[in-house]
Structures are given as C-alpha cells and as structure tokens.
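Below: the structure, in structure tokens.
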Amino acid sequence: MSILDPRVPAVLLRLDRNPFHHGTLGAVRSLGRAGAEVHVVADCAASPVPHSRYLHRTHRPPPPDADPAAVTAVLRRVAAALARPAVLIPLDDAGAIAVSRAHRELAGPYLLPGRPGALAERVADKARLAEVCRALGIPHPRTVLPGNAAEAGAAAERLGLPVVAKWSRPWLVPGDSGLRSTLLLRSAAEAAALYRRSAEAGSPLLLQAYLAPGPGRDWFFHGYADRNGALHGGGSGCKRRAWPPRAGATAVGRWVPNPRLHTAARELVRTLGYRGVLDLDFRHDPARDAYHLLDFNPRPGAQFRLFADGRGIDVVRALHLDLTGRPLPDAAPLPGRRFVVENHAPLAALTAPLRSGPAELAWCARDDPGPARALAQLWPRHAVRRLAARLPRPGRTSAVSPAPPPPPTTDAAHEKASSR
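Under this note's numbering, think of the first position of the sequence shown as 5, with each following residue one higher.
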C-alpha cells in the first residue's frame, strides 16, 4: 500500500544549474518509492537524476535568470499537462521565492503550504535574516551592511579580520561572474574591492564576524511545519565532513538529538508563522555556548534524507501527506543514522557498511542503480573541467585576491559556488 496518495503527483522545481544536486535525487526516490508520480522541472542535462527509475518525467525549466513571471508560466504549463492538482516542492531558494511570489496564481493547480506574504524571501535574504535574529533575540554573527567601499574596509577591520563576506541574495549572483556567494576576507582592501562588484552580484554585500569552525560546531535542523505549525519529518544533525573541506555542503552528516536546536526551530516557526519545509544552519560558539543561526533556507536541504525516520517519514513525504489531507504519523527518530555523499566523501562511502548504525548514500541505492552508474561516468569529466577552469591563465586577474575556503553557510550557496 502506498504511503502517499498515488492520485496526486509531485512536481520538483530547481532553478540552479548544478547537475549534481543530490537532494533532487533524494526527493525523486523518496516520493517515488512512496507511490507518488514524480516530475522534475530542472536542467537535468549531464545529471545522474534522469537515470532514476522513480522519475516519471523531466520538464524543461525556465531560462537562466528568468524572472518570477517566466517561472510561473513554466509551472502553469506543467500543471496543464498534468491536468490534476499536484504537490509543488521547490528545491532551491530561487525556486522557493518564485513560488512564494506567485502563491495566489499557483494555489489552484498546485497544493502549497500556507505562508504569509514574502516570508520565504525574508528568511532567505542574508541581510533580512540578520534583522529577524536581532528582533527575536536569536544568536547570529555580528553583521554589517556597508554603504560604500570605504565603509566596507572599515567594517572589516571593526569586526575583526578575517571576516566573512556574503551577498545578501546569493541566488541572484550570475553563474558566469566568477563571484562566490561567500568568501573569507583577510584584509580591509579585499572587502573594499569586493564591495565595488555589488552591482555585478545583484544584491548588497554584507560582512559578518567570523566564527571559527571546529569539530562538533556545525549543525543543521530540518523539518516540515504543518498547517498548525507543528514540526514533522526532520531532526537535528551534526556535519562531520564538508565539501569543499571546512567550507561547503554536508558530505557526511549524523543524526544527533539537540533539544536546543529543536527549541529554536519551534520558536522561529511560531513567531514568524512559517509553514512548509525549512532547513536551518547553525554554528556553535563554545566561548558563549551559543548556537548562531547562519542561514534559514525555505526548502529541503540537500541532505534531508538523513532524517528519514523509523516510519519512513522525511520532510518531503510529510509535506505531501499534509497537503493531501492524510494523517502524519508520530515521529520515530533514528539517532545515529548517517548520510554520505559518495563523490564528496568517497572513503566514508566505502567504509559506511563497516560502521555501526544505519547509513544512506546520496547516489547509490540497490533498488535504483542507474544514478550511481551515471555518476561514475559524469563526475570525473565534471571534476576535470572544474580543475582546468581553475588553472591560472595568462592575463587573468581577479578583483579580490585568493582567499582560504569560506566558513560553512548554506548548502545552496556552496552548491552554487561549487558548480561553477
């Protein structure tokens, strides 16, 4: 018997161009295994995702840098082809914001969680999130929005070098700009030079005090807030390895109960009136014994399958169940469960069967071998192209001198950076 209502298809939307977004495959498998017909609206060229047996059909996405109206038009065409209501699940911040802006237009052909106004954009915007944290008294790195290059340099010195630089709306950074959504800057001159590229980045530059990484300091929380604001399908996890090292998305994560993160998530959902899937990133500051909220992502995180519980419920299944009027079962947590991304942590993937506790691999699955086989062919070519692109070329200069890897922020931000 299907866990989900098989009459209601699921449409996954992803606007970024990362062909190795394992969260997309995770959602395809989770929903498909549970009985839903799964459609993907994304650029799947040179991606392992179309090789999944659980994917019903891919649909052409809107062009790069499409405005919200163009995204809405594509989604309406997909809905017309389906000819029945579907659950719509954005998998990146740009998609979540586009859907939020067109909520009224899309609420007929799609089943969507209720969400006040522009809340998705408010929490995804790095500058506005800092305001939310200040208003709610939630720990957050000290943040400054400089008004010009000179102010950027002065703010970097005032915050204390090194300093973290972020673009307020990283989903607007052009893919061919060479800009990264997050950088660790070592001098005031670097901060001033980066500020001068604000127009190119498409959103304001903000500077944050640097919280040093370390073992056991990087945490995340995933959940689905139902129509009443109750959290389902997730939990708290600790990032054990990242890619790029010390800098990027979760390569190895472990489900570790952390009541303080649960409390923070519940308070955010209650105060903001948030509904839908959320992915929160935290960094623990041992000096203050505080968990600083680094990012609030209004969509599933790429490692959401870490929190598949003993009843098979994760955040995307919880969303589908709730929006189709089916009951959500009580949680059955599986602390100690691990999630490993094979192309980013190959050694951990090889030793996963030898370690204690259950584990899930991002790409390899016995019941769905096609994506792993495709990854084995596509990933080496991708890695070679990236390496060639990073080799110095005669006459090539940069507005900002090379910096060490940035501290962890959102999965989406680093996935975008790593796909360039």
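Note that CB positions come from ideal geometry on N, CA and C, so glycine has one too.
- Counting the other Cβ atoms within 10 Å of the Cβ of Arg-221 gives 16 or more, which makes it buried.
- In this structure Ala-85 is not in contact with Pro-94, their Cβ atoms being roughly 19 angstroms apart against a cut-off of 8 angstroms.
- Annotated three-state conformation of Glu-364 is strand, per DSSP.
- In chain order, Thr-254, Gly-257, Phe-343 place their CB closer than 6 angstroms to the CB of Gln-307, counting only its own chain and leaving out the 5 sequence neighbours on each side.
- In this structure, Gly-238 lies near Tyr-228, with their beta-carbon atoms less than 8 angstroms apart.
- CA-to-CA, the gap between Glu-194 and Thr-28 works out to about 36 angstroms.
- With a cutoff of 8 angstroms on beta-carbon distance, His-324 and Leu-35 are scored as near each other.
- Fully enclosed alpha helix (DSSP H) runs of no fewer than 4 residues occupy 192-199, 202-205 of the stretch 179-233, in order along the chain.
- Going by DSSP, Pro-263 is part of no beta strand (DSSP E) but of the alpha helix (DSSP H) stretching over 263-276.
- Each of Pro-396, Ala-393, Trp-367 was checked against the Cα of Ser-51, and the nearest Cα belongs to Trp-367.
- One thing to note: Ala-205 has its Cβ within 8 angstroms of the Cβ of Leu-183.
- Counting only residues of its own chain and dropping the five nearest sequence neighbours on each side, Ala-153 has a CB closer than 6 angstroms to the CB of Ala-196, Tyr-199, Arg-200.
- A contact is defined here as three or more CB-CB pairs under 8 angstroms, and the stretch 170-182 meets this definition with respect to the stretch 116-136.
- Annotation: the continuous beta strand (DSSP E) that includes Ala-246 extends over 235-247.
- Inter-residue distance for Glu-271 and Ala-158 is about 35 angstroms (C-alpha atoms, whole angstroms).
- Nearest to Leu-110 by C-alpha distance, out of Phe-224, Pro-89, Gly-151, is Pro-89.
- Boundaries of the alpha helix (DSSP H) around His-107: 107-110.
- Per the Cβ contact rule, the stretch 314-323 is in contact with the stretch 279-290 (3 or more Cβ pairs under 8 angstroms).
- A straight-line Cα-Cα distance of about 19 angstroms links Asp-299 and Val-260.
- Beta-bridge analysis with DSSP links Arg-81 to no other residue.
- Inter-residue distance for Pro-362 and Arg-341 is about 5 angstroms (C-alpha atoms, whole angstroms).
- Residue range 374-394 is occupied by the alpha helix (DSSP H) that includes Trp-383.
- Contact between the stretch 159-169 and the stretch 141-151 is established, with three or more Cβ pairs separated by less than 8 angstroms.
- Leaving aside the five residues that flank Pro-23 on each side, the residues in its chain whose CB is nearer than 6 angstroms to its CB run, in chain order, Ala-50, Ser-51.
- When secondary structure is reduced to three states using DSSP, Pro-72 falls in the helix class.
- In the structure shown, His-348 adopts coil according to DSSP, grouped into three states.
- Inter-residue distance for Ala-46 and Arg-162 is about 42 angstroms (C-alpha atoms, whole angstroms).
- Here DSSP, grouped into helix, strand and coil, assigns Phe-24 to coil.
- Distance check between Leu-115 and each of Leu-209, Gly-121, Ser-181, Leu-92 places Leu-92 closest, using alpha-carbon atoms only.
- The beta carbon of Ser-191 sits closer than 7 angstroms to those of Leu-165, all from its chain and outside the five residues before and after it, given in chain order.
- Per DSSP, the continuous alpha helix (DSSP H) segment holding Arg-162 begins and ends at 153-163.
- The residue from Leu-209, Glu-135, Val-136, Val-103 with its alpha-carbon nearest to that of Glu-155 is Leu-209.
- DSSP, reduced to helix, strand and coil, places His-55 within a helical segment of the structure shown.
- In this chain, the alpha helix (DSSP H) harbouring Val-319 covers 319-327.
- Separation of Ala-269 and Phe-225 (C-alpha to C-alpha, rounded to the nearest whole angstrom) is 8 angstroms.
- Pro-13 is classed as buried because its beta carbon has at least 16 other beta carbons within 10 Å across all chains shown.
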